[in-house]
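J.:
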Amino acid sequence: MKPVSSLLVGILLIWLSALVHCRAIQLPLTDTTSLNDVPKPKPVQQQDIADLVKRLYPQLHIRTHDSATLEEGKRFVLVIPQVGYTLQTRALAAVLINTPFRMANANMSSITGQLSYTQNKQIILTALSSVWMRNNQFLWTNDWRLMHYPQATYGLGMYTTTDRVINMDYTYFRFHQNLLRRLAPSLYAGLGYNLDLHWNIYSYNSRREVTRISRYSEGIEGRSVSSGPTVHVLYDNRQNAINPSGGLLVNAMFRANMQWLGSDQGYQSALLEVRKYVHLPGKSDNILAFWSYNAFTLSGNPPFLDMPSTGWDNTGNVGRGFIQGRFRGKNLLYAETEYRFHLTANRLLGGVVFANAQTVSELASSQFEKVVPAVGGGLRIKMNKISRTNLSVDYGFGFDGSSGLFFNLGEVF
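Rendered as structure tokens:
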């Protein structure tokens with residue numbers, strides 16, 4: 012993949028202009044958040060996009076974000092129009108709605124919905140949430156998606172190339188729902204249910220339709236279903252998952268896909284994820300962050316589109332620098348580190364530099380024979396200074412010649 016240079020710059024300027032003109036609106040909470048739940052003010056007088064718009068366009072009567080708003084029992088609703096570009100979508104237009112809020116004596120919660128249409132004729136509707144109940148007694152998460160998603164794939168393993176593309180056109184419904192209960196301070200366990208349904212799958216290369224990719228036939232055409240219960244164990248002492256200022260997350264999940272629940276085949280998979288955040292220098296608010304994401308097929312043969320793959324984690328962020336689906340296999344190991352620093356004293360603008368590496372196992376082997384790294388950097392724009400929600404704009408370079416622009420509301424991890 013080659014950089015898009017001036018086209019990306021123009022798209023980015025248009026996109027940022029749209030963000031400056033978006034309005035933040037506020038809706039009532041069912042609960043009233045107490046003053047004790049509001050993040051303690053910092054010596055630095057922070058600014059966010061609402062402060063900038065109010066200063067530039069006072070006639071709009073924008074209400075800025077402050078702790079008093081939360082004290083009065085309000086929540087923030089950010090409505091953000093987007094124009095952008097990614098490797099897997101090319102140009103895209105989207106509307107994103109994000110609601111960060113906080114229940115009594117609980118961590119920061121977030122609900123996000125997005126509707127996108129892309130130059131590749133992809134339609135993407137997502138609803139993601141992470142809701143901490145009062146006193147952090149329960150954690151409720153969901154990942155719902157409905158997508159018509161024509162996409163390029165490159166086969167299985169680490170020795171694939173970008174000049175041997177296979178196109179897959181399909182419709183996808185994802186329903187992942189989990190409920191965890193606190194067992195001890197910062198320690199949670201619970202159950203869930205995951206459904207991944209693909210239909211109207213049509214795979215083809217430049218010459219003909221294909222029924223096998225890298226000699227693998229499961230889920231290449233027609234329809235595929237993965238359905239089963241999940242078991243979760245979570246340790247999370249971060250107070251704000253949107254933009255952690257410290258702490259540790261360890262997440263382990265076991266998933267049993269069962270034929271009697273609709274799965275094409277019975278197979279078992281597991282996920283082990285670790286995130287750690289360290290202040291560097293120690294007394295600053297700059298953060299050195301570490302992320303390890305590892306997905307394994309324990310037994311059986313999952314459908315092709317449900318195998319661990321670049322960019323197909325629940326946030327779509329594994330493998331910045333590579334196109335989504337670039338590497339795919341039965342097992343995936345991934346590690347990333349990122350340094351986050353502020354560019355302006357009021358924290359309106361920040362920056363990051365990052366490096367990552369990934370590998371997948373070959374189909375017939377559990378061995379990992381090749382590791383491919385990527386590096387990059389990005390800009391952070393403070394959308395909400397109370398929840399510390401940033402708009403993330405990153406550019407990454409993969410060491411196989413790939414490169415691309417990546418957007419997120421909130422930190423990448």
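Number 109 in this note's numbering belongs to position 98 of the sequence shown; there are no gaps in the numbering.
Using N, Cα and C, we set each Cβ at its ideal position, and we do this for glycine too.
Just the Cα atoms here: how many angstroms apart are I224 and H187?
T.: 27 Å
J.: Per DSSP, what kind of secondary structure is F418 in: helix, strand or coil?
T.: DSSP places F418 in strand when its eight states are reduced to three.
J.: Can you list, in chain order, the stretches of the beta strand (DSSP E) that have 3 or more residues and sit fully within the segment 335-384?
T.: 343-353, 360-371
J.: Taking a contact to mean a Cβ-Cβ separation below 8 Å, would you say T348 touches F333 in this structure?
T.: no
J.: Measure the C-alpha to C-alpha separation of L18 and G203 and round it to an integer number of angstroms.
T.: Because the pLDDT at L18 is just 34, under 50, the model does not fix this residue reliably, and the value given afterwards should be weighed accordingly. Rounded to the nearest angstrom, the two C-alpha atoms are 43 Å apart.
J.: Classify W151 as helix, strand or coil using the three-state DSSP reduction.
T.: strand
J.: Please list, in chain order, all residues of the same chain as R337 whose beta carbon is under 7 Å from its beta carbon, the five residues on each side excluded.
T.: Y165, T321, G330, S413
J.: Measuring only the C-alpha atoms, how far is N268 from G230?
T.: 15 Å
J.: By Cβ distance below 7 Å, which residues in the same chain neighbour H159 in space, the five residues on each side in sequence not counted?
T.: Excluding sequence positions up to five before and after H159, its CB lies within less than 7 Å of the CB of Q133, I134, T182, all in the same chain and listed in chain order.
J.: Thinking C-beta only, is R249 closer than 8 Å to G258?
T.: yes
J.: Give me the DSSP bridge partner(s) of R192.
T.: F149, A200
J.: Can you find the residues in the same chain that come closer than 6 Å, C-beta to C-beta, to G409, ignoring five residues on each side of it along the sequence?
T.: Sequence-distant Cβ neighbours of G409 in its own chain, meaning closer than 6 Å and more than five residues away, are G332, F333, A385.
J.: Between the alpha carbons of L194 and A200, how many angstroms are there, rounded?
T.: 7 Å
J.: Determine the closest residue to K253 out of E422, L63, V64, with distance taken between C-alpha atoms.
T.: This sequence places Ile at residue 253; Lys is not what is there. Comparing Cα-Cα distances from I253 to each of E422, L63, V64, the minimum goes to E422.
J.: Give the C-beta separation of S235 and H209 to the nearest angstrom, bearing in mind that I take them to be a contact with Cβ-Cβ under 8 Å.
T.: 5 Å
J.: Taking Cβ to Cβ, would you say R358 is nearer than 8 Å to Q99?
T.: No, the pair does not count as a contact, with Cβ atoms beyond the cut-off.
J.: Beta-carbon separation of A102 and L126 under 8 Å?
T.: No, the Cβ-Cβ distance between A102 and L126 is not below 8 Å.
J.: Do you know how far the Cα of P255 is from the Cα of W151?
T.: The C-alpha of P255 is placed about 19 Å away from the C-alpha of W151.
J.: Just how far apart, CA to CA, sit M179 and T241?
T.: 28 Å
J.: Just to check my reading of the structure: S310 and K341 have Cβ atoms closer than 8 Å, yes? What is that Cβ distance to the nearest angstrom?
T.: At roughly 10 Å, the Cβ-Cβ gap does not stay under 8 Å, so S310 and K341 are not in contact.
J.: Rounding to the nearest angstrom, what Cα-Cα distance links A35 and D411 in this structure?
T.: At A35, the pLDDT of 35 sits below 50, so the modelled position is not reliable and the matter cannot be decided from this model.
J.: Could you give the residue range of the alpha helix (DSSP H) that holds A61?
T.: 60-67
J.: Beta strand (DSSP E) containing S140: first to last residue?
T.: First-last of the beta strand (DSSP E) with S140: 134-143.
J.: I need the DSSP call for W323, collapsed to helix, strand or coil.
T.: coil
J.: In this structure, does DSSP put F424 in helix, strand or coil?
T.: Three-state DSSP puts F424 in coil, outside helix and strand.
J.: In the DSSP assignment, what are the bridge partners of G388?
T.: V364, Y406
J.: Answer with buried or exposed for A115, where buried requires no fewer than 16 other C-beta atoms within 10 angstroms of its C-beta.
T.: exposed
J.: In or out: T171 buried (at least 16 other Cβ within 10 Å) or exposed?
T.: buried
J.: Tell me whether L208 sits in a helix, a strand or coil according to DSSP, three-state version.
T.: The answer is strand: DSSP assigns L208 an E or B state.
J.: N146: buried (16+ other C-beta within 10 angstroms of its C-beta) or exposed?
T.: exposed
J.: Given that a residue counts as buried once 16 or more other Cβ atoms are within 10 Å of its Cβ, and exposed if not, what is A306?
T.: Burial state of A306 is buried, judged by a 10 Å Cβ sphere holding 16 or more other Cβ atoms.
J.: Exposed or buried, K294, counting other C-beta atoms within 10 Å across all chains shown (16 or more means buried)?
T.: exposed
J.: So is D174 buried or exposed if we call it buried at 16+ other beta carbons inside 10 Å?
T.: exposed
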